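In what follows, a single structure is set out as structure tokens and then discussed.
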Amino acid sequence: MTGQPDEDYREISFDDRMEGTEFRVSERAHITVDTAVCDSCTVRSCLHVCPAKLFVPRADGGILFNFEQCFECGACYQVCDAEGAITWTYPDGGLGVVFRKG
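The sequence shown stops at residue 102 when you use full-length UniProt numbering, and every number in between is there.
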């Protein structure tokens, strides 16, 4: 093993990796953010931990969150657990993210 990438495999961009991903969005958000708690948070870990970058800082100091393209990894809930602004549940049956490879 040389430590070099195998020439038989090409580098795949994030967009190419996500090409087979489908989001079956529920009308009910599976993640909710308590803005009263969120507005007083100084850590803002959710901005950095979400792999889909669904938490966006607002100009007024708050945080905007869009659940529709959530990977359902729960990372935001884990880092916010001490703060308590995020409530996380699984999406309704048959809905949410579907990863397809191939």
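Ideal placement from N, C-alpha and C gives every residue a C-beta, glycine not left out. As the structure is a computational prediction, the values presented were derived from the model and not from experiment.
- For T35, the enclosing alpha helix (DSSP H) stretches over residues 35-39.
- Taking a 10 Å sphere around the C-beta of P51, we find fewer than 16 other C-beta atoms and assign the residue as exposed.
- Secondary structure at L47: helix, using DSSP grouped into helix, strand and coil.
- Looking only at V25, T42, A59, the smallest Cα-Cα distance to N66 is reached by V25.
- The C-beta distance from G84 to V37 rounds to 6 Å, short enough to meet the 8 Å contact threshold.
- Here D39 is near G62, since their CB atoms are less than 7 Å apart.
- When beta bridges are read from the DSSP output, V56 appears opposite L64.
- Following the DSSP letters along the chain, one finds C80 inside the alpha helix (DSSP H) bounded by residues 75-80.
- Pairing C70 with C46 gives a Cβ-Cβ distance that is not under 7 Å.
- For T87, the enclosing beta strand (DSSP E) starts and ends at 86-88.
- For T32, the pairing in a beta bridge is given by DSSP as T87.
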